[in-house]
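Trainee: The opening position of the sequence shown corresponds to residue 3 in my numbering, with each subsequent residue numbered one higher. The beta carbon of each residue, even a glycine, is placed where N, CA and C say it ideally should be.
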Amino acid sequence: MAELTGCEGVLALLKQIYEVLQEYDQQTDAMINADLEVLQQSLLARNALIEKLEELKQQLESVIEVEQPEERVLLQTLVHGSYVNAPLDDQHKEIQLMQRNITVMKQRIVDKDKVISGQFKNQHVDSRRELEQLKQTRQKIGYYNSAVVNRATGQSLNKNL
């Protein structure tokens, strides 16, 4: 594939970033209400996607960096999602639209991550409660076992006399 530059290169990289974010979003969906094994697999997949996003971001910065100063500033402004006061041609409008789509996707992922985080916190609290109940149950069983064993051997009677 030929090296794309300018608006075409920026747009191609933004589309790749959007596709990776869609994959990331799917992994996030898989994490909601999932068991521990699925969570672990999804986290590993998401980490790989984050690395890919970092690579694409560096490529995007490289493509923008070789542009003429005026075009470079415009592309940086569009890619960062900032407001542009100047009229835009079709390619620049497409870049702006793609950046908006990326921003929406990122926000959707952040919202889902908050849900997952809440679920983790609730599961953690529930697990701690269960462990505390098991600990109390184990103590009761130990007490009853020792009481029954001591009575059966007459040890408690001997201690009281």
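1. In three-state terms, what does DSSP make of residue 47?
2. Less than 7 Å separating the beta-carbons of residue 54 and residue 22?
3. With burial defined as no fewer than 16 other Cβ atoms inside 10 Å of the residue's Cβ, what is the status of residue 82: buried or exposed?
4. Let's see if you can read the secondary structure: which residues bound the alpha helix (DSSP H) around residue 25?
5. For the ligand ATP, is there any heavy atom lying closer than 6 Å to the beta carbon of residue 24?
6. By a C-beta neighbour count over all protein chains shown, 10 Å radius and 16 as the cutoff for buried, is residue 76 buried or exposed?
7. Taking the C-alpha atoms as reference points, what is the distance between residue 11 and residue 87?
8. Report, in whole angstroms, the separation of the C-beta atoms of residue 26 and residue 104, which I expect to be a contact under 8 Å.
9. Ignoring anything shorter than 4 residues or poking outside the stretch 38-113, list the alpha helix (DSSP H) runs there in chain order.
10. Suppose the cutoff is 6 Å on Cβ atoms and the five residues either side in sequence are ignored; what does the same chain contact list for residue 33 look like?
11. Could you check which residue in 100, 89, 37, 71 has the C-alpha nearest to that of residue 15?
12. CB residue 13 to CB residue 96, shorter than 7 Å?
13. Note down the Cα distance separating residue 72 from residue 66, rounded to an integer number of angstroms.
14. How many Å lie between residue 69 and residue 51 at the Cα?
15. Apply the 10 Å Cβ neighbour rule to residue 135 and answer buried if 16 or more other Cβ atoms are within range, or exposed otherwise.
Mentor: In terms of the structure at hand:
1. Helix at residue 47.
2. Closer than 7 Å, so yes.
3. Under the 10 Å beta carbon count, residue 82 is surrounded by fewer than 16 other beta carbons and is classified as exposed.
4. Looking at the DSSP string, the run of the alpha helix (DSSP H) that includes residue 25 is 8-33.
5. This structure lacks the ligand ATP; in fact it carries no ligand of any kind.
6. Buried is the call here.
7. Roughly 23 Å separates the two Cα atoms.
8. About 11 Å separates the two Cβ atoms, so there is no contact after all.
9. With a minimum length of 4 residues, the continuous alpha helix (DSSP H) runs that stay inside the stretch 38-113 are 38-67, 71-81.
10. Residues of the same chain with a CB within less than 6 Å of the CB of residue 33, apart from the 5 flanking positions on each side, are 41, 44, 118 in chain order.
11. Selected option, being the one with the closest Cα: 100.
12. Closer than 7 Å, so yes.
13. Between the alpha carbons of residue 72 and residue 66 lies a gap of roughly 11 Å.
14. Those two C-alpha atoms are separated by around 28 Å.
15. It counts as exposed.
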